[in-house]
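Asker:
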Amino acid sequence: MIVDMPATSTQQLNRKLVELREQSGVMAQGRVLTFVVVTDDSANTEEAIEEAIEASRAHPCRVIVLVRGAKKAAARLDAQIRVGGDAGASEVIVLRGYGPLSSAEACAGMTIPMLLPDAPVVAWWPGVPPAVPAEDPVGRLAGRRITDAAVEKHPLRALEQRTASYTTGDTDLAWTRLTLWRALLASALDQPPYDSITSVVVDGEPDSPSTDLLASWLASRLSVPVKRTKVGAVGGMHSVRLNRHSGPIELIRADGKTGSLTQPGQPDRLVHLARRPIRDCLAEELRRLDTDEIYHDSLNALQEITRGRAPAGAKR
Amino acid sequence: MSELSVSGRPDGWSNPLRDPRDKRLPRIAGPAGLVIFGVTGDLARKKLMPAVYDLANRGLLPPGFALVGFARRDWADEDFGKVVYDAVREHARTPFRQAVWDRLAEGVRFVQGTFDDDDAFDRLCDTVYELDKSRGTGGNHAFYLSIPPGAFPVVCKQLARSGLAGQDNPDQWRRVVIEKPFGHDLKSARELNAIVNEVFPEESVFRIDHYLGKETVQNILALRFANQLFEPIWNANYVDHVQITMAEDIGLGGRAGYYDGIGAARDVIQNHLLQLLAFTAMEEPVAFSPQELRTEKIKVLSATKLVHPLDETTARGQYAGGWQGGEQVVGLKDEEGYNPASTTETYAAITVEVDTRRWAGVPFYLRTGKRLGRRVTEIAIVFKRAPHLPFDSTMTEELGQNALVIRVQPDEGVTMRFGSKVPGSTMEVRDVNMDFGYGLAFTEDSPEAYERLILDVLLGEPSLFPVNAEVERSWQILDPVLEQWAESGAPEPYPAGSWGPEGANALMARTGRVWRRP
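Going line by line, the protein sequences match chains V and R. Here the working numbering is used: the first residue of the first sequence is 1, the next is one more, and so on. Here the working numbering is used: the first residue of the second sequence is 317, the next is one more, and so on.
Okay, structure coming up:
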C-alpha cells in the first residue's frame with residue numbers, strides 16, 4: 001500500500017503512521033534499526049529505494065529515504081509511506097524536501113522525529129556523499145555511515161578523502177565488495193604449507209577503489225611489499241598474487257565473473273566471484289553495526305602500497 | 317566459535333589474514349568433497365542438495381567443491397547432474413544463479429552400485445582420488461549416510477575395506493554424517509555406535525539432529541545467556557512447568573510401513589524434544605566452545621528422569637479418521653500398507669523431571685503427534701501465579717499464568733504472555749501477548765538448518781551435533797516408557813485434527829494443569 005501525503009509535515013506523518021498501524025496492523029513492531037538513504041531527486045532515486053528495500057528484507061527496519069529536491073523552489077515537504085507488498089520487509093517513508101527543505105540541516109530536522117526509538121541508525125549515500133560524512137547533519141544522526149567510492153568521479157581520490165576523514169562508524173561499499181575475495185584468500189592460507197608471504201601483487205582497473213583497498217588490506221595484515229598494478233577493462237578487480245617460497249597463491253578473475261584459485265601442487269579451482277550487487281553489500285553492512293577496525297587499518301595502509309606496472313611474465 | 321583445527325600446522329602459527337575483529341569475514345570451508353549415500357531419497361532431494369547449492373551461492377563452499385552421489389540407478393554423471401539441478405531449482409532457498417550452478421556442476425559425479433558391491437566402492441574410491449587430482453578436494457571427504465540404519469554396518473565396512481575411511485596423511489580428514497534414528501533403544505544405539513566407531517573415531521562422527529541447526533533453537537542460548545532479564549526467573553522458584561510440543565498435521569501416508577515399530581516417541585521425543593529440553597534446562601556454559609556446551613548438555617540430560625507411575629504420567633494415541641482442516645482423512649489403520657494390528661503410537665506424551673536445584677519439582681511435559689490441529693513446534697515456560705494478588709478474585713478471573721513461549725516453527729519468534737488491564741472503568745486484568753517475531757524479514761535471510769549443519773561438518777565444527785553420550789542418555793531416559801508401552805496393548809485412538817487422545821488431557825488434569833493450545 002502506498003499513501004501519498006503532499007505538502008505535509010512530520011507531525012502529520014507520525015499521526016498517519018500510527019493510524020495505519022491501528023487500521024491495518026500492517027507494520028510489525030519488531031524493527032531493529034532505521035535505515036536512512038540520502039539521495040538527490042534524479043532518475044536513480046527509485047533504484048536506490050529498491051536496493052534499500054531489498055537489503056532490508058534481511059533486517060526488519062524502517063527505511064527513510066531523503067530525496068533532496070530542487071533548491072530553488074518554494075519550501076515544501078512531500079511524503080510517501082509505503083508498507084506491505086510495496087515495501088518488502090519494512091515500512092518505507094520517502095521524504096521529498098524542496099527549496100530550503102532540501103538542505104542537509106533541514107533533512108536532519110525532518111529525520112529526527114521519524115527515527116525509531118532506541119534503535120540504531122544507519123545512513124547510506126548511494127551517490128556522492130558529503131566530504132566528511134560524520135560531520136554532515138544527517139551523518140551525525142547515524143551510528144554507521146555507508147558511502148561508495150566507486151560511484152564518485154575520482155574514486156582513488158575519494159579513498160584518500162575517506163582516510164583523512166575517517167570516524168568510527170564509517171564504511172564504504174568498495175570495501176564490502178571485497179569480502180568474498182578476502183575470505184577466499186584467508187581460507188587459502190588456512191591450508192598447508194604454512195609458509196609466510198614474501199610479497200604481494202594486486203591487479204585491477206586504474207580507477208578501481210576496491211583494488212586499492214585489497215592491496216592496502218594485505219599490506220596492513222602481512223607487512224610485506226605490496227604492489228598495485230593496472231590493467232584495463234576487466235570489470236574492477238582482476239587478480240591477487242601472494243608470493244611465497246613454496247610457490248604463489250593466485251586468485252585471478254579474468255572475465256569479471258569467475259575466479260580461478262591456483263596454488264602449487266593443486267589443480268586450478270574455479271569459484272563464482274562476480275561483482276556483488278548493492279543489495280547484498282548493504283545487507284552485509286546492516287548485519288554488524290560496530291566499528292570496522294580492519295577497514296580503518298586498510299585505509300591507513302593505502303600509503304604503504306606501491307604502484308606500478310605488472311612484472312613481466314605475470315599470469316593474465 | 318573454535319579455531320579451525322588442522323593437524324600438521326606448526327605451533328604458534330596463526331593465519332595473518334584472520335583477525336577476531338574482522339567480524340564480517342565468513343569462514344569458508346577448506347577444500348573438501350561430499351559423498352551422499354541414499355541420494356535418491358526425499359531428504360537428499362529436498363534438503364541436502366539444495367543446501368549445498370545455497371552454501372555455494374553464499375560463497376561458503378571451497379572452490380573446487382565436489383558432490384558425489386552413490387545409488388543403484390543406472391546414471392552417468394550428467395544424469396545425476398540433472399537430478400541435482402532439478403532439486404536445486406525446486407527447493408533451494410536462495411535465488412538461482414546460473415554462474416554459481418555452473419561452478420558447482422563441474423564437481424558433480426555419480427557412482428552406480430549397491431551397498432554390498434565391492435567393485436562399486438572401489439570405483440567410488442577411484443572417483444574420490446580423481447576429484448582430489450582434478451578438483452583439488454585435498455583428500456578431505458565427508459560421507460553422508462542418508463540410508464536406513466540396517467545398512468550402516470555394510471556401508472561402514474565397505475568404507476573401511478576400500479580405504480575411503482582412512483586419510484592418507486594427518487592433514488586430511490574423513491568424516492561420516494549420520495541421520496536419526498540412532499538405534500531404537502539403548503542397546504541398539506550402543507551397537508550402532510560401536511559399528512560406526514570401528515571405522516570412524518568419535519570426533520569424525522557427526523550426528524544430525526536438524527533442530528540444532530535451526531536459528532530459533534540456537535537463539536534459546538542467546539535469549540537465556542545474553543540477557544539479564546530472563547535468567548533470574550529461569551528456575552523452580554518462578555516456573556510452574558514447561559511444555560515442549562512438536563505437532564504435525566500430516567499423517568503417515570505411504571511411509572506407514574517404515575513407521576511401524578518406531579512410533580512418535582522414538583521418532584521425535586528421543587532426539588528433537590530431549591535436545592530442546594537440554595537447551596531449555598541446561599546450566600550456563602562457561603564458554604560457547606563445543607566442549608563446554610557438550611558438558612552442560614550431558615550434565616542436564618544425566619539429571620533428567622521420567623516421573624512415575626508411568627501410566628499416570630504418560631499418554632499415547634493413534635490417529636483415527638476425521639476432518640483435518642477441511643479435508644476428510646483416514647485413520648492410521650486405514651493407511652495404505654499399514655498393519656492393522658500394530659500398536660505403534662502416532663501420539664506420545666511423557667512427563668520428566670530434571671533433578672537439579674534449579675528445576676526440582678518442575679515437571680517437563682513433552683508431547684508430539686501426527687494429524688494434530690496444526691503444524692507447530694514450541695517450548696512454553698509457564699510461570700507460577702503471583703503469590704498474592706491485591707485484586708478481587710473477579711478482577712483476575714480471566715488472568716492465566718505468565719508464559720514465555722519460544723516458537724521454534726512456524727512463525728519463528730518469542731512471545732511473552734502477561735496480564736494487563738482491560739480498558740474500561742473497572743480494574744479487570746486479562747492476558748496479553750508481547751511478541752518478537754523473526755517473521756518473514758529475518759528468516760528470508762536466515763539459513764536453513766541443513767546449510768548450517770553441512771557447513772559445520774565441512775569446517776569440522778562439532779557444537780551442533782549430539783555426541784554419543786547424549787544419544788545414549790536420551791535412550792536411557794526413554795527406554796522405561798517404551799518397555800511399558802510395549803506391554804500395554806493398543807494406544808488410544810484420537811480424531812485426526814484434534815490435539816490428541818483423552819489420556820493426554822487426563823495426564824495434565826491430575827496435577828491441575830492443562831495443555832496449551834499452541
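Glycine residues also receive a C-beta, built at the ideal position from the N, C-alpha and C atoms.
From V/I278 to V/P206, what distance separates their C-alpha atoms?
Answerer: Along the first sequence, one-based indexing puts residue 278 of chain V at 278. Along the first sequence, one-based indexing puts residue 206 of chain V at 206. About 21 Å.
Asker: Leaving aside the five residues before and after R/F758 along the sequence, list all residues of the same chain whose C-beta is less than 8 Å from its C-beta, in chain order.
Answerer: Taking the second sequence and counting its residues from 1, one reaches residue 758 of chain R at position 442. Note that R/F758 scores 49 on pLDDT, short of 50, meaning its location in the model is unreliable; the coordinates nonetheless yield the value given after this. Around R/F758: E531, E728.
Asker: Under the rule that 16 or more other beta-carbon atoms within 10 Å means buried, what is R/N373, buried or exposed?
Answerer: As a first step, residue 373 of chain R is located in the second sequence; it is residue number 57 there, counting from the start. Buried, by the Cβ-count rule.
Asker: Assuming V/C281 and V/R177 form a contact by the criterion Cβ under 8 Å, report the distance between their Cβ atoms to the nearest whole angstrom.
Answerer: Counted from its first residue, the first sequence places residue 281 of chain V at position 281. Counted from its first residue, the first sequence places residue 177 of chain V at position 177. With 8 Å as the limit, V/C281 and V/R177 qualify as a contact, their Cβ atoms being about 6 Å apart.
Asker: Within its chain, find whatever has a CB closer than 8 Å to the CB of R/L756; leave out the 5 residues flanking it on each side and keep chain order.
Answerer: Reading the second sequence from its first residue, position 440 is the one you call residue 756 of chain R. Per-residue confidence for R/L756 stands at a pLDDT of 44, beneath the threshold of 50, marking its modelled position as unreliable; the derived number appears in the next sentence. Once the five neighbours on either side are set aside, R/L756 has no close Cβ partner at all.
Asker: Against chain V, which members of the stretch 330-358 of chain R pass a CB distance test of less than 9 Å?
Answerer: Listed by position, the residues of the stretch 330-358 of chain R near chain V (Cβ gap below 9 Å) are N331, P332, L333, R334, D335, R337, D338, K339, R340, L341, P342, R343, I344, A345, G346, P347.
Asker: Restricting to runs no shorter than 3 residues, where is the beta strand (DSSP E) found entirely within the stretch 764-789 of chain R?
Answerer: Listed in chain order, there is nothing to give.
Asker: Helix, strand or coil: which one does DSSP assign to R/V355?
Answerer: Within the second sequence, the letter at position 39 stands for residue 355 of chain R. R/V355 falls in the coil class under three-state DSSP.
Asker: Quick one, which of V/A274, V/S216, V/P192 has its alpha-carbon nearest V/P264's?
Answerer: Counting from 1 along the first sequence, the entry for residue 264 of chain V is found at position 264. Ranking the options by Cα distance to V/P264, first place goes to V/P192.
Asker: Here's the rule: buried if 16 or more other CB atoms are within 10 angstroms of the residue's CB, otherwise exposed. What is R/S520?
Answerer: What you label residue 520 of chain R is simply residue 204 of the second sequence in a count that begins at 1. Buried is the call here.
Asker: With the cut-off set at 9 Å, would you say R/F498 and R/P465 are in Cβ contact?
Answerer: In the second sequence, counting from the first residue as 1, residue 498 of chain R sits at position 182. In the second sequence, counting from the first residue as 1, residue 465 of chain R sits at position 149. Contact: yes.
Asker: In angstroms, rounded to a whole number, what distance separates the CA positions of V/G84 and V/P60?
Answerer: Position 84 of the first sequence holds residue 84 of chain V. Position 60 of the first sequence holds residue 60 of chain V. Their backbone Cα atoms lie some 12 Å apart in a straight line.
Asker: Would you kindly check if the distance between the Cβ of R/I560 and the Cβ of R/F680 is under 9 Å?
Answerer: Along the second sequence, read from residue 1 onward, the residue named residue 680 of chain R stands at position 364. Along the second sequence, read from residue 1 onward, the residue named residue 560 of chain R stands at position 244. Yes; because the gap between Cβ atoms is below 9 Å, this pair is in contact.
Asker: Report the three-state DSSP secondary structure of R/F412 (helix, strand or coil).
Answerer: If you number the second sequence from 1, residue 412 of chain R lands on position 96. Here R/F412 sits in coil by DSSP.
Asker: For V/Y98, list the residues DSSP reports as bridge partners.
Answerer: Translated into the one-based positions of the first sequence, residue 98 of chain V becomes position 98. Answer by DSSP bridge pairing, in chain order: V/R76.
Asker: Check for me: the beta strand (DSSP E) holding V/H296 runs from which residue to which?
Answerer: For the purposes of this step, residue 296 of chain V is identified with residue 296 of the first sequence, where counting begins at 1. That residue, V/H296, is in no beta strand (DSSP E); its alpha helix (DSSP H) goes 293-300.
Asker: Tell me, please, which residues DSSP counts as bridged to R/L383.
Answerer: Along the second sequence, read from residue 1 onward, the residue named residue 383 of chain R stands at position 67. Beta-bridge pairing links R/L383 to R/L350, R/V424.
Asker: With a floor of 3 residues, list each beta strand (DSSP E) that falls wholly inside the stretch 228-295 of chain V, ordered by position along the chain.
Answerer: Qualifying beta strand (DSSP E) stretches, in chain order: 237-244, 249-253, 258-262, 269-272.
Asker: Since V/V18 sits in a beta bridge, which residues does DSSP pair it with?
Answerer: The residue given as residue 18 of chain V occupies position 18 in the first sequence. Answer by DSSP bridge pairing: none, since V/V18 is not bridged.
Asker: Near V/E304, what residues of its chain come up, given a Cβ to Cβ distance below 6 Å and the 5 sequence neighbours on each side ignored?
Answerer: The residue you call residue 304 of chain V lines up with position 304 of the first sequence. Cβ within range, chain order: A219.
Asker: I'd like to know if R/V416 contacts chain V, where contact means its C-beta is closer than 9 Å to some C-beta of that chain.
Answerer: Within the second sequence, the letter at position 100 stands for residue 416 of chain R. Yes, R/V416 lies at the interface with chain V (some Cβ there is under 9 Å from its Cβ).
Asker: Please list, in chain order, the residues of the stretch 444-466 of chain R that have any C-beta partner in chain V closer than 8 Å.
Answerer: From the stretch 444-466 of chain R, only K449, S450, R451, G452, G454 have a Cβ closer than 8 Å to chain V.
Asker: Would you kindly check if the distance between the Cβ of R/E694 and the Cβ of R/I666 is under 9 Å?
Answerer: If you number the second sequence from 1, residue 666 of chain R lands on position 350. If you number the second sequence from 1, residue 694 of chain R lands on position 378. Not in contact: R/I666 and R/E694 (Cβ atoms no closer than 9 Å).
Asker: Does any residue of chain V have a CB that is nearer than 9 Å to the CB of R/A421?
Answerer: The residue labelled residue 421 of chain R in the question sits at position 105 within the second sequence. With 9 Å as the cut-off, R/A421 does not count as an interface residue toward chain V.
Asker: Roughly how far, in whole angstroms, is the beta-carbon of R/V670 from the beta-carbon of R/T620, given that I think they are within contact range, below 8 Å?
Answerer: The residue labelled residue 670 of chain R in the question sits at position 354 within the second sequence. The residue labelled residue 620 of chain R in the question sits at position 304 within the second sequence. 5 Å between Cβ atoms; contact.
Asker: List, in order along the chain, the chain V residues whose C-beta lies closer than 8 Å to that of R/P326?
Answerer: Here residue 326 of chain R refers to the residue found at position 10 of the second sequence. Chain V residues near R/P326: Y194.
Asker: Closer than 9 Å, CB to CB, is V/K227 near chain R or not?
Answerer: The sequence position of residue 227 of chain V within the first sequence is 227, counting from 1. Not one chain R Cβ lies under 9 Å of V/K227.
Asker: Starting from R/E808, follow its DSSP beta bridges and name the residues at the other end.
Answerer: If you number the second sequence from 1, residue 808 of chain R lands on position 492. BP columns for R/E808 point to R/G633.
Asker: Under 9 Å, do R/A382 and R/G357 count as touching if we go by C-beta distance?
Answerer: As a working note, residue 382 of chain R is residue 66 in the second sequence. As a working note, residue 357 of chain R is residue 41 in the second sequence. Their beta carbons are not under 9 Å apart, which means R/A382 does not touch R/G357 by this criterion.
Asker: Could you give the first and the last residue of the continuous beta strand (DSSP E) run that contains V/D172?
Answerer: Indexing the first sequence from 1 puts residue 172 of chain V at position 172. Its beta strand (DSSP E) spans residues 170-172.
Asker: With three or more C-beta pairs closer than 8 Å as the rule, is the stretch 810-818 of chain R touching the stretch 635-653 of chain R?
Answerer: Flag = yes, the stretch 635-653 of chain R and the stretch 810-818 of chain R touch.
Asker: Is there a Cβ of chain V sitting closer than 9 Å to that of R/R409, yes or no?
Answerer: Translated into positions along the second sequence, residue 409 of chain R becomes position 93. No, R/R409 does not count as interfacial toward chain V.
Asker: If we require 3 or more residues per run, which beta strand (DSSP E) segments fall completely within the stretch 546-633 of chain R?
Answerer: The stretch 546-633 of chain R contains these whole beta strand (DSSP E) runs: 555-563, 620-622.
Asker: Under a three-way DSSP split, which group does V/W124 fall into?
Answerer: Mapped onto the first sequence, residue 124 of chain V falls at position 124. Here V/W124 sits in strand by DSSP.
Asker: Please confirm if V/S187 has its CB atom under 9 Å from at least one CB of chain R.
Answerer: Working through the first sequence from its first residue, we reach residue 187 of chain V at position 187. Yes, V/S187 lies at the interface with chain R (some Cβ there is under 9 Å from its Cβ).
Asker: Taking DSSP as the reference, what is the three-state secondary structure of R/K503?
Answerer: As a first step, residue 503 of chain R is located in the second sequence; it is residue number 187 there, counting from the start. R/K503 falls in the helix class under three-state DSSP.
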